[in-house]
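Down below is the structure, laid out as structure tokens.
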Amino acid sequence: MGFSVTFWGVRGTVSCPLPSHMGFGGNTSCVEVQAGDQRIVIDAGTGIRMLGKRLLKEGATEATLLMSHTHLDHICGFPFFAPAYTKGFHLRIVSGHLNGTPGIEAAMARQMERPLFPVPMRTMGSNIVFDEITAGDQFALGEGVQVRTARLNHPDGATGYRVEHLGKSFAYVTDTEHVPGHPDRNILDLIDGADLVLYDSTYTDEEWRNRIGWGHSTWTEGVRLAQAAGVKRLVLFHHDPDHDDATMTAIEAAAQAAFPDCFAAREGMTVTLA
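Heads up: the sequence shown at position 5 corresponds to 5 in UniProt numbering, and the numbers run straight through without jumps.
If you want it as structure tokens, here you go:
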């Protein structure tokens, strides 16, 4: 069945449905991983809406949703995820950052309660199971698919994921903030030798200096981590809403000059690992 990664939402903070942003995409974070017979969705930003339509069109009956965290740009697409309303569809939602206070079910449901949204989560017709883990745990998804996790440095917490299948590996590392001169050991361990690593590259170095404490990182730190960990390919992700296509093209070129096996994520792009 192979191993592939598809980008359905690549933007951070807020969606950007603007002509100036469409080359890279305007939807917020959502990535699909197909690993053997496992359909894995990572984060539920606005990009998850179109992914949901595709899953139903293809006749999918189950999926696992891995949540990096529950800030609004990563969950606001969930109320529009059609499979969650479909009877007979099985959805497992995994979270590693909340520690039960509140749990992932309560956090996801809160945005769908009045006066924020007219259709409560309890009316969704699918079979939804919520699974609380601790960042740092490992678990299996079906036969031959292993998932490793790591704690990230982000306000209110966040979890990074590494999916391994058929001898290949993909790591999803967003949202996280670096400390200059002190590479994050949790991230280095998670991405060690990975074939494809997605990294929070929200800001340039100049922008980041004025946003310390906001919980995000830079493409330059992503390059440093990738080089230190022996990563094969690096993906810039969580594009700032103020970065239009021209800005993103320039950022991508600068990153490729420092680390040739690097590219900026674009909506609709699929990377085949095996």
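Glycine residues also receive a C-beta, built at the ideal position from the N, C-alpha and C atoms. It should be emphasised that the depicted structure is a prediction, and the values quoted were computed from it without experimental measurement.
Chain-order list of residues whose beta-carbon lies under 6 Å from that of residue i (same chain, five-residue window excluded)
| i | result |
| --- | --- |
| Ile42 | Val31, Leu66 and Tyr172 |
| Arg39 | Ala60 and Ala63 |
| Thr272 | Ser4 |
| Phe130 | Ile93, Ile104 and Glu105 |
| Phe170 | Val5, Val163 and Leu196 |
| Ala44 | Ile75, Gly77 and Phe78 |
| residue 319 | Outside the displayed span of the chain (1 to 274) sits residue 319, for which this structure offers no information. |
| residue 275 | In this structure the chain extends from 1 to 274, so residue 275 is not present and cannot be described. |
| Leu166 | Phe3 and Ala274 |
Coarse secondary structure for residue i, derived from DSSP in three states
| i | result |
| --- | --- |
| Val223 | helix |
| Asn186 | helix |
| residue 332 | Lying outside 1 to 274, the shown extent of the chain, residue 332 is not represented and no answer is given. |
| Ala264 | strand |
| Met124 | coil |
| Ala60 | coil |
| Gly9 | strand |
| Leu55 | helix |
| Arg151 | strand |
Under 8 Å between C-beta atoms of residue i and residue j
| i | j | result |
| --- | --- | --- |
| Thr149 | Gly136 | yes |
| Met121 | Ala140 | no |
| Asp175 | Gly222 | no |
| Ala82 | Leu91 | no |
| Leu196 | Val5 | yes |
| Asp200 | His238 | yes |
| Ser126 | His74 | no |
| Ala264 | Val231 | no |
| Gly160 | Leu190 | yes |
| Gly268 | Phe89 | no |
| Gly213 | Gly142 | no |
| Asp192 | Leu234 | no |
First through last residue of the beta strand (DSSP E) which encompasses residue i
| i | result |
| --- | --- |
| Lys168 | Lys168 to Val173 |
| Asp200 | Leu196 to Asp200 |
| His74 | Here His74 belongs to no beta strand (DSSP E); instead the alpha helix (DSSP H) covers Leu72 to Ile75. |
| Ile42 | Gln38 to Ile42 |
| residue 285 | Outside the shown range of the chain (1 to 274) lies residue 285, about which nothing can therefore be said. |
| Val33 | Cys30 to Ala35 |
Terminal residues of the alpha helix (DSSP H) in which residue i lies
| i | result |
| --- | --- |
| Met108 | Ile104 to Arg110 |
| Thr249 | Asp245 to Ala258 |
| Glu207 | Asp205 to Arg209 |
Residues near residue i by beta carbon distance below 8 Å, same chain, minus five either side
| i | result |
| --- | --- |
| Asp156 | His69, Thr70, His71 and His97 |
| Tyr203 | Arg211, His216, Ser217, Thr218 and Asp240 |
Proximal residues to residue i (C-beta, below 7 Å), its chain only, five neighbours per side dropped
| i | result |
| --- | --- |
| Ala107 | Thr70 and Leu98 |
| Leu188 | Leu225, Ala228 and Ala229 |
| Thr134 | Gly96 |
| Met112 | Pro79, Val119, Pro120 and Met121 |
| Gly26 | Arg11, Ser15, Cys16, Pro17 and Leu18 |
| Trp219 | Ser201, Leu236, Ile251 and Ala255 |
| Met56 | It is Leu, not Met, that sits at residue 56 in the sequence shown. Closer than 7 Å at the Cβ level, and outside the excluded window around Leu56, lie Ala82, Pro83 and Thr86. |
Handout entry: Three-pair Cβ contact test at 8 Å for the region 12–20 versus the region 238–250
Key = yes
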